[in-house]
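Quick notes on the structure that follows.
Number of protein chains: 2
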Amino acid sequence: MIFLKLKVKDMDISTGKTLVAILHKVDAKKLDLHVSDRIRITKGLKSTIAVLDIANSKKTVPLGSIGLFEEVLKRIKAKDSSNVKIFLEEKPKSLYFIRQKLKGRKLKKEEIESIIKDLVNNNLSQVELTYFISGCFVHGLDLNETVNLTKSIINSGDVLKWNKKIVLDKHCIGGIPGNRTTPIVVSILMAAGYTVPKTSSRSITSPAGTADTMEVLTKVDLNAKQIKKVVTRIGGCMTWGGGVNLAPADDAIIKVERPLSIDSEGNLLSSILAKKGSVGATHVLIDIPIGKTAKVKTREHALHLKREFEKIGNKIGMKILVLITNGSKPIGQGIGPSLEAIDLLYVLKNDSRAPLDLKKKSIELASEMLYFVRAYNSKTKNKSKKYFLDQAKKLLESGAAWNKMRKVIIAQGKKIDNPDKINLAKFHFDYKAKKSGKIISVDNKTISKIARIAGAPEDNAAGIFMYKNTGNKIKKGDTIFRIYAENKTKLKYAKEFLIMLDGIKIK
Amino acid sequence: MIFLKLKVKDMDISTGKTLVAILHKVDAKKLDLHVSDRIRITKGLKSTIAVLDIANSKKTVPLGSIGLFEEVLKRIKAKDSSNVKIFLEEKPKSLYFIRQKLKGRKLKKEEIESIIKDLVNNNLSQVELTYFISGCFVHGLDLNETVNLTKSIINSGDVLKWNKKIVLDKHCIGGIPGNRTTPIVVSILMAAGYTVPKTSSRSITSPAGTADTMEVLTKVDLNAKQIKKVVTRIGGCMTWGGGVNLAPADDAIIKVERPLSIDSEGNLLSSILAKKGSVGATHVLIDIPIGKTAKVKTREHALHLKREFEKIGNKIGMKILVLITNGSKPIGQGIGPSLEAIDLLYVLKNDSRAPLDLKKKSIELASEMLYFVRAYNSKTKNKSKKYFLDQAKKLLESGAAWNKMRKVIIAQGKKIDNPDKINLAKFHFDYKAKKSGKIISVDNKTISKIARIAGAPEDNAAGIFMYKNTGNKIKKGDTIFRIYAENKTKLKYAKEFLIMLDGIKIK
């Protein structure tokens with residue numbers, strides 16, 4: 004084997020994912036290496052593959068050195084000045100399959116598996132992954148490809164297994180501020196006796212994810228073993244999916260889709276269903292809110308997605324219930340982790356301050372799901388929709404759902420469960436109506452943006468409280484919403500964006 | 004305007020092109036910034052746009068700091084610990100056009116211009132450029148798009164202008180080791196009285212480019228003003244194109260095409276013709292060698308490219324002569340800058356050691372070009388092909404072409420013009436025939452690879468000297484070629500690759 008001995012330069016930088024190594028151009032020449040070639044780097048018995056970049060200046064990487072990013076240093080336990088050897092590696096076969104997809108060929112099961120495997124092993128560069136996403140976007144993925152992609156993403160990480168005939172899960176194609184139905188729906192379903200191992204994401208572009216909100220009340224970063232224990236004991240959980248190695252390929256794909264807002268349908272579908280598959284769900288509720296400023300804009304698009312979800316579900320052995328809901332405005336009053344946590348506790352504890360729209364939607368979603376799985380229980384299999392609506396309402400209003408939530412909060416590591424003891428951020432600003440009339444629209448995106456600038460979700464006590472919403476009559480000077488922020492600077496930024504954006508229409 | 008004040012961290016790394024800045028995730032949140040967002044960075048009166056990346060670890064970029072790559076530091080004259088301000092910038096419109104191309108829409112002139120302008124201003128990330136190249140690859144570029152892309156690339160940099168009716172240029176779609184016809188053809192054309200402002204590339208994947216070879220004899224890194232002066236005085240030049248800001252968009256595109264060997268025809272055509280347009284050429288000779296291990300494999304493909312070149316040439320006002328030649332084996336005996344320089348001096352000086360295949364091909368190419376432009380001269384416009392073949396031969400064998408080359412060498416900054424005084428690398432290894440017979444094939448790629456591993460083109464005296472080539476009869480023990488290298492390690496690497504590759508077939 005032909006190799007080079009080099010001294011490590013710690014580049015003091017992390018790519019987030021891809022394993023990158025940088026050589027001086029003169030060293031690269033010694034093995035005739037080029038940008039994007041693969042090299043194997045070994046230190047003692049440790050070894051890894053990395054994608055090569057080449058430096059033209061000695062400042063970046065001196066001759067005789069190899070610049071390594073954090074991810075690579077970790078893999079081979081190297082430090083600045085460690086001695087390593089490098090070897091040329093073959094380019095991965097997956098690059099050939101990516102090229103085929105870009106040319107319009109349908110990919111086979113093994114080919115998709117090979118791409119996802121290299122992706123998860125951080126053996127594809129951003130540019131290479133972009134070519135794959137381009138191919139999926141331009142030529143689409145047919146049913147078989149989407150099914151195989153979904154399965155590959157599921158198998159790219161751990162898969163939770165339960166000894167149950169029915170395991171429930173829920174997903175919302177987001178875009179609606181507030182709308183924190185998940186913890187309420189899960190509590191009702193648990194109260195009805197079902198197993199619900201719910202893992203959620205933290206927010207990426209919204210003011211709060213379900214994981215951010217639950218984190219106000221309890222610990223959410225449980226590992227697979229802890230999830231197993233909690234769910235086995237009390238029938239469900241509400242944790243953060245990122246703490247477990249579930250469907251890791253998904254995040255890398257989302258990152259590359261972002262710059263051009265690439266919305267390949269095949270990738271969207273497989274991304275959602277892979278997360279559900281990885282927690283072992285058998286029956287999944289998918290909420291698609293439609294509205295001008297929601298992610299899905301039209302009923303036609305929502306219906307199309309519904310059909311696709313059902314087809315794929317059918318192929319991967321997962322029953323899917325898609326509900327199309329109103330996504331024209333924020334739901335609930337609080338926007339931001341603590342503010343949303345208060346809303347959901349009010350609903351679960353039947354507090355008079357509970358936002359009725361959030362309560363109503365949660366009951367509806369839960370009842371539809373109970374109806375969907377009715378046939379598995381001989382006692383309920385012939386009951387009507389109305390029966391389950393009443394049942395969901397009863398489970399909520401009797402305190403049974405709250406009792407389940409309380410158990411979840413305690414089992415995961417209780418922080419707080421009294422909404423009146425949740426602190427809100429120190430500084431606030433009231434946005435007041437400039438004229439009297441009726442609110443005819445609230446822009447979801449504007450509200451989310453302002454809540455984020457005010458500090459949500461990282462500052463969990465920051466965000467927005469909506470006093471008024473679409474449809475409400477208002478008088479000039481009435482407070483429409485209040486912005487909460489942890490310091491004056493953030494409040495100032497939020498106010499400045501508020502002036503720029505103008506997202507509330509009054510007529 | 005909303006901004007943040009930050010302290011610069013010099014990341015000590017260069018991207019080569021894209022302007023990149025890294026923020027800690029908590030700072031990014033303050034302006035709700037995401038990966039691939041654009042920010043404007045200002046220091047005093049200096050200002051630039053950069054593409055944002057976000058660090059999760061304090062190790063990469065601490066809170067309150069902004070990590071800047073070399074390219075950005077230079078633009079705003081910042082150093083480690085400089086204070087800068089950042090503002091959110093709108094995403095460039097070109098991203099919208101790239102998305103449209105990916106969706107299959109034909110792009111208009113202004114849209115292509117906008118993409119190339121942002122590319123040249125380093126305002127597109129690698130991922131974004133990859134989406135554009137994917138769109139071009141999948142949907143192709145029609146004639147108008149290719150023409151507009153070519154024009155945009157030409158206008159992305161400087162354009163040389165000459166006060167002449169005819170300005171000649173030449174290009175070879177490479178892949179053939181040796182084959183250094185350009186300096187000989189240019190010398191003959193100059194001797195015939197034509198203006199030939201020849202700029203060439205340095206090698207990227209081959210053992211030598213024309214610029215590398217000419218650099219053995221004379222200075223090649225002339226700027227636009229110096230090129231102008233030399234060409235005006237003696238009728239031509241042979242310089243390195245990279246020393247001038249000609250068609251800079253081209254390099255960035257090539258870099259992103261490499262990982263998947265994306266060979267979008269529209270990009271290939273526009274890349275070649277843009278370089279010719281930027282030096283002000285009116286008549287261009289394009290040599291397409293065909294062969295199993297050449298870039299173009301079949302006659303059909305070569306003929307198709309010929310038609311495309313002619314169509315585009317027609318639209319951008321450039322006359323193009325495409326010649327399809329034999330690309331089945333190396334041409335000439337030397338491979339590597341110095342070895343090829345010796346070959347071409349032998350040919351120009353009518354030395355008995357001149358490789359006849361190189362001489363013959365050069366005369367043919369030059370004579371075809373003289374025939375192609377015959378109509379512009381009343382004295383020659385009715386002459387036959389045979390006449391120009393005789394003329395090209397005469398211009399070469401009379402020493403007229405050598406006289407022009409000598410002038411070029413002197414005008415650009417003479418180093419050497421005596422082939423017997425050109426040194427070859429200190430160490431060598433003779434590759435000998437293991438059996439007697441006839442050489443039935445020589446693999447162009449293997450020969451190139453070994454010459455590169457031996458040190459070419461950076462070690463200009465390294466490379467390969469071919470004693471025998473396809474068609475020659477040999478006896479067991481005859482030297483087929485000699486590898487030259489500057490040190491024993493490189494020679495050792497070259498020998499090891501030699502054993503691995505086995506590129507010469509004897510029968």
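Protein sequence lines correspond, in order, to chains S and R. Going by this note's numbering, the final residue of the first sequence carries number 510, and the count climbs one at a time with no gaps. Going by this note's numbering, the final residue of the second sequence carries number 510, and the count climbs one at a time with no gaps. We put the beta carbon where it would ideally sit given N, CA and C, even for glycine. Predicted model only: the values in this text are computed from it and were never measured.
C-alpha distance - residue i paired with residue j, whole-angstrom precision
{"i": "asparagine 329 of chain R", "j": "isoleucine 291 of chain R", "result": "8 Å"}
{"i": "aspartate 360 of chain R", "j": "lysine 471 of chain R", "result": "12 Å"}
{"i": "valine 23 of chain R", "j": "threonine 285 of chain R", "result": "39 Å"}
{"i": "arginine 205 of chain R", "j": "leucine 71 of chain R", "result": "30 Å"}
{"i": "isoleucine 57 of chain S", "j": "lysine 82 of chain S", "result": "20 Å"}
{"i": "valine 259 of chain S", "j": "valine 54 of chain R", "result": "14 Å"}
{"i": "leucine 110 of chain S", "j": "phenylalanine 135 of chain R", "result": "22 Å"}
{"i": "isoleucine 453 of chain S", "j": "glycine 466 of chain S", "result": "8 Å"}
{"i": "proline 262 of chain S", "j": "serine 84 of chain S", "result": "36 Å"}
{"i": "phenylalanine 140 of chain S", "j": "aspartate 393 of chain S", "result": "44 Å"}
{"i": "isoleucine 319 of chain R", "j": "threonine 235 of chain R", "result": "25 Å"}
{"i": "lysine 435 of chain S", "j": "serine 451 of chain S", "result": "18 Å"}
{"i": "asparagine 151 of chain R", "j": "lysine 396 of chain R", "result": "39 Å"}
{"i": "alanine 378 of chain S", "j": "methionine 372 of chain S", "result": "12 Å"}
{"i": "alanine 488 of chain R", "j": "phenylalanine 430 of chain R", "result": "5 Å"}
{"i": "lysine 491 of chain S", "j": "glutamate 113 of chain S", "result": "55 Å"}
As assigned by DSSP and simplified to three states, the class of residue i
{"i": "histidine 304 of chain S", "result": "helix"}
{"i": "glycine 143 of chain R", "result": "coil"}
{"i": "proline 186 of chain S", "result": "helix"}
{"i": "threonine 383 of chain R", "result": "coil"}
{"i": "aspartate 86 of chain R", "result": "Residue identity check: residue 86 of chain R is asparagine in the sequence provided, not aspartate. Correct three-state label for asparagine 86 of chain R: strand."}
{"i": "tryptophan 243 of chain S", "result": "strand"}
{"i": "methionine 408 of chain S", "result": "helix"}
{"i": "threonine 149 of chain S", "result": "helix"}
{"i": "lysine 10 of chain R", "result": "strand"}
{"i": "proline 422 of chain S", "result": "helix"}
{"i": "aspartate 354 of chain R", "result": "coil"}
{"i": "threonine 285 of chain R", "result": "coil"}
{"i": "isoleucine 115 of chain R", "result": "helix"}
{"i": "leucine 413 of chain R", "result": "Per the sequence shown, the amino acid found at residue 413 of chain R is isoleucine instead of leucine. DSSP places isoleucine 413 of chain R in helix when its eight states are reduced to three."}
N-terminal and C-terminal residue of the alpha helix (DSSP H) that residue i is part of
{"i": "leucine 373 of chain S", "result": "359–375"}
{"i": "isoleucine 323 of chain R", "result": "Careful: isoleucine 323 of chain R lies outside any alpha helix (DSSP H), inside the beta strand (DSSP E) at 322–329."}
{"i": "alanine 24 of chain R", "result": "It is not in any alpha helix (DSSP H) - alanine 24 of chain R instead sits in the beta strand (DSSP E) that spans 23–27."}
{"i": "alanine 211 of chain R", "result": "Here alanine 211 of chain R belongs to no alpha helix (DSSP H), and DSSP marks it neither H nor E."}
{"i": "glycine 466 of chain R", "result": "Taken as a continuous stretch (DSSP letters only), glycine 466 of chain R belongs to no alpha helix (DSSP H), being part of the beta strand (DSSP E) at 466–469."}
{"i": "isoleucine 502 of chain R", "result": "491–504"}
CB contact flag (residue i, residue j, <8 Å)
{"i": "leucine 34 of chain S", "j": "isoleucine 5 of chain S", "result": "yes"}
{"i": "leucine 342 of chain R", "j": "leucine 249 of chain R", "result": "no"}
{"i": "threonine 202 of chain R", "j": "tryptophan 243 of chain R", "result": "yes"}
{"i": "proline 251 of chain S", "j": "valine 123 of chain S", "result": "yes"}
{"i": "valine 282 of chain S", "j": "methionine 241 of chain S", "result": "no"}
{"i": "isoleucine 69 of chain R", "j": "leucine 163 of chain R", "result": "no"}
{"i": "alanine 497 of chain S", "j": "alanine 457 of chain S", "result": "yes"}
{"i": "serine 331 of chain R", "j": "threonine 473 of chain R", "result": "yes"}
{"i": "threonine 63 of chain S", "j": "isoleucine 25 of chain S", "result": "yes"}
{"i": "aspartate 2 of chain S", "j": "threonine 208 of chain S", "result": "With chain S running from 4 to 510 in the structure shown, residue 2 of chain S is simply not present."}
{"i": "glycine 506 of chain R", "j": "threonine 449 of chain R", "result": "yes"}
Element boundaries [beta strand (DSSP E), containing residue i]
{"i": "tyrosine 434 of chain R", "result": "430–435"}
{"i": "valine 445 of chain R", "result": "440–445"}
{"i": "arginine 41 of chain R", "result": "41–46"}
Taking three-plus beta-carbon pairs below 8 Å as touching, is the segment 161–170 of chain S in contact with the segment 156–173 of chain R?
-> The segment 161–170 of chain S and the segment 156–173 of chain R do not touch, with fewer than 3 CB-CB distances between them shorter than 8 Å.
Flag this pair as touching only if the segment 81–89 of chain S and the segment 40–47 of chain S have three or more C-beta atom pairs under 8 Å; answer yes or no.
-> Yes, the segment 81–89 of chain S touches the segment 40–47 of chain S.
Anything in the segment 116–139 of chain R with a Cβ closer than 8 Å to a Cβ of chain C? List those residues in chain order, please.
-> Protein chains in the displayed structure are S and R, and chain C is not among them.
Do three or more CB pairs link the segment 182–196 of chain R to the segment 135–147 of chain R at distances below 8 Å?
-> Fewer than three pairs of CB atoms, one per stretch, sit closer than 8 Å, so the segment 182–196 of chain R makes no contact with the segment 135–147 of chain R.
Cβ pair count under 8 Å reaching 3, the segment 420–438 of chain R against the segment 293–312 of chain R | Below 8 Å, too few C-beta pairs join the segment 420–438 of chain R and the segment 293–312 of chain R to call them touching: fewer than three.
Could you tell me whether the segment 151–162 of chain R touches the segment 334–348 of chain R, where touching means 3 or more Cβ pairs closer than 8 Å?
-> These segments do not touch.
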